[in-house]
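Undergrad: Quick note on the numbering used here: the sequence shown kicks off at 810 and runs consecutively.
Where is the CB? At the ideal position from N, CA and C, for every residue including glycine.
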Amino acid sequence: MKIAVDERGYYGNFGGAYIPEMLYPNVEELRQNYLSILNDEGFRKDFDHLLKTYVGRPTPLYFAKRLSERYQAKIYLKREDLCHTGAHKVNNTIGQILLAKRLNKKNIIAETGAGQHGVATATVCALMGMECIVYMGEIDMERQKPNVERMRILGTEVRPATSGSKTLKDATNEAMRHWINNPVDTHYIIGSVVGPHPYPDMVARFQSVISEEIKWQLKETEGLESPDYVIACVGGGSNAAGAFYHYYENDDVKLIAVEAAGLGNETGKSAATTTLGKPGVLHGSRTLLMQTKDGQVVEPYSISAGLDYPGIGPVQAHLFESGRAKFYSATDEEAMKAGILLSRLEGIIPAIETAHALAALEKMTFSKDDVVVLNLSGRGDKDLETYIKWGRY
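#1: Pull up the DSSP beta-bridge partners for N1184, would you.
#2: Report the rounded CA-to-CA distance for P1009 versus S1152, giving the unit in angstroms.
#3: Given F1015, which residues of its chain have a CB within under 6 Å of its CB, disregarding the five upstream and five downstream residues?
#4: Cutting at 6 Å between CB atoms, please list the residues of its own chain near G818, excluding the five before and the five after it.
#5: Using 8 Å as the threshold, is the region 1080-1092 in touch with the region 1173-1183, meaning 3 or more CB pairs across them?
#6: Helix, strand or coil for C941, going by three-state DSSP, please let me know.
#7: Would you mind reading off the limits of the alpha helix (DSSP H) that contains H1006?
#8: Taking 7 Å as the threshold (C-beta atoms), are L891 and T868 in contact?
#9: Touching or not, the region 825-843 and the region 991-1006, by the rule of three or more beta carbon pairs under 8 Å?
#10: Looking only at its own chain, which residues have a Cβ that is under 8 Å from the Cβ of G1046, when we skip the five neighbours before and after it?
#11: Return the residue from the list L1064, K1191, K1177 and L1193 that minimises the CA-CA distance to Y880.
#12: Pick out whichever of N990, N1059 and H996 has its Cα sitting closest to the Cα of S1020.
#13: Using only the alpha-carbon positions, how far apart do T995 and C941 sit?
#14: Could you give the residue range of the beta strand (DSSP E) that holds G1071?
#15: With DSSP collapsed to three states, give me the class of I999.
#16: How about G1089 and Q1105: do their beta carbons lie closer than 7 Å?
#17: Buried or exposed, going by whether 16 or more other CB atoms sit within 10 Å of the CB of N848?
#18: Hey, could you find the ends of the alpha helix (DSSP H) V957 is sitting in?
#19: Out of M1173, K1063, R959 and H1127, point me to the one whose CA is closest to D1190's CA.
#20: Give the DSSP-derived three-state secondary structure of A896 in the structure shown.
#21: Would a C-beta distance cut-off of 7 Å place V1043 and E1075 closer than the cut-off?
#22: To the nearest angstrom, how far is the alpha carbon of A970 from that of N842?
#23: Taking Cβ positions, are A935 and G895 nearer each other than 7 Å?
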């Protein structure tokens, strides 16, 4: 199945650019320039050089022997947790900071939930000597304190979002307002495959390095480029977009996306958009989102700050509607147990976002020859306080 953005910024029925008039010049400037910049030989050289020497790419594709024995399949972990800053987010921020410089932007803003995108943005701004403000929900600032302090140490101002659920949705709202008020000299580094076109496509292109590496790494280890399954967690969906990117049109590869079910999809405390959502417009694009009958956004809930979002990116909505990807959801309890299990079996403490993807292994049935690649999108250092509060290990 062909999965690609069209000239209007749509993936099937989802996407577009639903933006206030004040933001039109910013978004249009990006739309007109992003492909020529990304395809420029000098840009590619700078991007690839920083991914190699600064981020630490390629990240390993690790055969998880004990995990494989438990689930009776060949399970590989794509170790994005070993990237500089501890997650896949830095792939995108490296690309966007280089793009911002070519557009002569002097200031950077960003939003963050788990804090990993905020840290990745703060990191590249320090690297390039640019001013940075990151918006973060007040609740997320409390549960992700280490990342807040990392951003501050790197020289970034962290501004709390105090409205609504005080989480990722609200941080994004505040960042959008800032951009409207500072349209000329500021670039907004969106952290996921969300927002108005061209952001979903641009972020997916920067993250596609993940599946690009998986192809040649699998060739080395298994003698084939394509696994039977690729599994990734989905909040907005950038790590999934990166892991799926080069397999979209290979229908033999089963794409598995895992959302956060919080306390359960029937409890009113969930973030499982494909189960609970319907089409609507959020943060500049038409997508699936959790909403009331009159179109008001329903506050999401997840123990994971990075999955605590009421919608998904338009490419993920299209993957769901078209049936190209199968979507599961995992509760807080299932995710936490899966995170502890990986820690005990493989000596890797995962981010709680990634733990949701791991939880899907309990819901699936494999044959012993199936090759499964799970995108281990982040490490659990930032979540130690949450693991400790959960306490059942």
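TA: So, from the listed chains and residues:
#1: Position 375 of the sequence shown, counted from the first residue, corresponds to residue 1184. DSSP output for N1184 lists K887 as bridge partner(s).
#2: Translated into positions along the sequence shown, residue 1009 becomes position 200. Translated into positions along the sequence shown, residue 1152 becomes position 343. P1009 and S1152: Cα-Cα distance of roughly 32 Å.
#3: Your numbering for residue 1015 matches position 206 in the sequence shown. N900, N901 and G904, listed in sequence order.
#4: For this step, residue 818 is matched to residue 9 along the sequence shown. So the qualifying residues of the chain are G824, G825, A826 and H1006.
#5: no
#6: Position 132 of the sequence shown holds residue 941. Strand.
#7: Here the question's residue 1006 lines up with position 197 in the sequence shown. Where H1006 is concerned, there is no enclosing alpha helix (DSSP H), given that its DSSP letter is neither H nor E.
#8: Within the sequence shown, residue 868 is the residue found at index 59, counting from 1. Within the sequence shown, residue 891 is the residue found at index 82, counting from 1. The answer is yes: Cβ separation under 7 Å.
#9: yes
#10: Locating residue 1046 in the sequence shown gives position 237, counting from the first residue. Correct list, in chain order: S1001, V1002, V1003, A1066, I1121, G1122, V1124 and Q1125.
#11: Mapped onto the sequence shown, residue 880 falls at position 71. It is K1177 whose Cα lies nearest to the Cα of Y880.
#12: Along the sequence shown, one-based indexing puts residue 1020 at 211. Nearest of N990, N1059 and H996 to S1020, Cα basis: N1059.
#13: As a working mapping, residue 995 is identified with position 186 in the sequence shown. As a working mapping, residue 941 is identified with position 132 in the sequence shown. Answer to the nearest angstrom: the Cα atoms are 10 Å apart.
#14: As a working note, residue 1071 is residue 262 in the sequence shown. K1063 to G1071 is the span of the beta strand (DSSP E), which, as asked, contains G1071.
#15: Here residue 999 refers to the residue found at position 190 of the sequence shown. Note: I999 maps to coil in three-state DSSP.
#16: Start at 1 with the first residue of the sequence shown, and residue 1089 comes out as number 280. Start at 1 with the first residue of the sequence shown, and residue 1105 comes out as number 296. Not in contact: G1089 and Q1105 (Cβ atoms no closer than 7 Å).
#17: Stepping through the sequence shown from its first residue, residue 848 is reached at position 39. With fewer than 16 other Cβ atoms within 10 Å, it is exposed.
#18: Taking the first residue of the sequence shown as position 1, residue 957 is located at position 148. Here the alpha helix (DSSP H) through V957 covers K954 to I962.
#19: What you label residue 1190 is simply residue 381 of the sequence shown in a count that begins at 1. If we check each option's Cα against that of D1190, R959 comes out closest.
#20: As a working mapping, residue 896 is identified with position 87 in the sequence shown. Strand, per DSSP.
#21: In the sequence shown, the residue the question calls residue 1043 occupies position 234. In the sequence shown, the residue the question calls residue 1075 occupies position 266. No, they are not a contact pair.
#22: Numbered from 1 along the sequence shown, position 161 holds the residue referred to as residue 970. Numbered from 1 along the sequence shown, position 33 holds the residue referred to as residue 842. So the alpha carbons of these two residues sit roughly 31 Å apart.
#23: Locating residue 935 in the sequence shown gives position 126, counting from the first residue. Locating residue 895 in the sequence shown gives position 86, counting from the first residue. It is not a contact, given that the beta carbons lie outside the stated cut-off.
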